[in-house]
Amino acid sequence: MASSAPIFYDIAVGYINLLILIFSLVVQAVALIHCLTQRGDGFQAIGTLPKGAWAAILAICIVLTLLVSSAVGIFSLIGIAAALIYLLDVRPGLKDLSDGKGFW
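Just so you know, we're using the numbering used here here: the sequence shown kicks off at 347 and counts up by one.
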């Protein structure tokens, strides 16, 4: 009876880490896809890094997250931070630069 708790704990932690890893990869992929589908001159117009720099940062973060495959590892956390900075700062600027219409 006492030995079943650590087994359940390991399984629960494994599932939680897997969910966080999948969430991290989805957020990073959405940011990368959005970055690749935008015009390059829009990035300079809003005063941020060029499109190529953002694409490289986001792609490297996804690759490192996949290689290390740890949900709470340093590369995964850096990738989530980079993707969220892009989605919460750059994306609204690009949307305001255009007429604000569109799916994204």
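Even glycine gets a Cβ: it sits at the ideal position worked out from N, Cα and C. Treat the numbers as computed from the prediction; the structure is a model and nothing was measured.
Are the region 378-398 and the region 355-370 in contact at 8 Å, needing three or more beta carbon pairs? Contact between the region 378-398 and the region 355-370 is absent: fewer than 3 CB-CB pairs across the two stretches fall below 8 Å.
Candidates Q390, D445, I420 and G425: which alpha carbon is nearest V436's? In terms of CA proximity to V436, Q390 leads the group Q390, D445, I420 and G425.
Does DSSP put V359 in a helix, in a strand, or in coil? The three-state secondary structure of V359, taken from DSSP, is helix.
Assuming V409 is part of the alpha helix (DSSP H), what are its boundary residues? Looking at the DSSP string, the run of the alpha helix (DSSP H) that includes V409 is K397 to V414.
If you run the structure through DSSP and keep just helix, strand and coil, what is S370? DSSP places S370 in helix when its eight states are reduced to three.
Output needed for L443: all residues of its chain with C-beta closer than 8 Å, excluding positions within five of it in sequence on either side, in chain order. These residues qualify, in order along the chain: G388, A391 and I392.
Compute the Euclidean distance between the alpha carbons of V372 and I420, then round it to the nearest angstrom. Rounded to whole angstroms, the gap between the alpha carbons of V372 and I420 is 17 Å.
Let's test the definition: count the other Cβ atoms within 10 Å of the Cβ of G386 and tell me whether it reaches 16, buried, or not, exposed. G386 is exposed by the Cβ-count criterion.
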